[in-house]
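With our numbering, you'll find the sequence shown wraps up at 367, consecutive numbering, no jumps. Just so it is clear, CB atoms sit at the ideal spot from N, CA and C, and this is done for glycine as well. These numbers come from a predicted model, not from an experiment. Step one of this worksheet: look at the structure below.
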Amino acid sequence: MENHSKFRVVARAVKHHDAAGEQFYRSSYRILDHVGDEIDAGNGSIDFSDVTSAYNEAFALGRERLREIASETIQ
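Below, the structure written as structure tokens:
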């Protein structure tokens, strides 16, 4: 059984521009194992006007996905 406490979530807020040139941010996360290899990744679907909200969502999504991975491994 793998030890999920050695995994880490890397959260990012990625800057985008819409058709009108307005700036917005979307969340993105990666889950890395103890040696830094990516085991999972995902992106949010909500557009945020501020970087902090996008980052917070990315971190929350990554942590939730890590919990799902841990529960799948245990069963």
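When only Cα atoms are considered, R357 and H308 end up about 24 Å apart.
Taking 8 Å as the upper bound for CB-CB distance, R322 and V302 are in contact here, some 5 Å apart. Contact check for L353 against G328 fails: the beta carbons are separated by 8 Å or more.
Apart from sequence neighbours up to five positions away, the residues of its chain that approach A305 with a beta-carbon distance below 7 Å are Y317, S319, V343, A346, Y347 and A350, ordered along the chain. Secondary structure of F316 (DSSP, three-state): strand.
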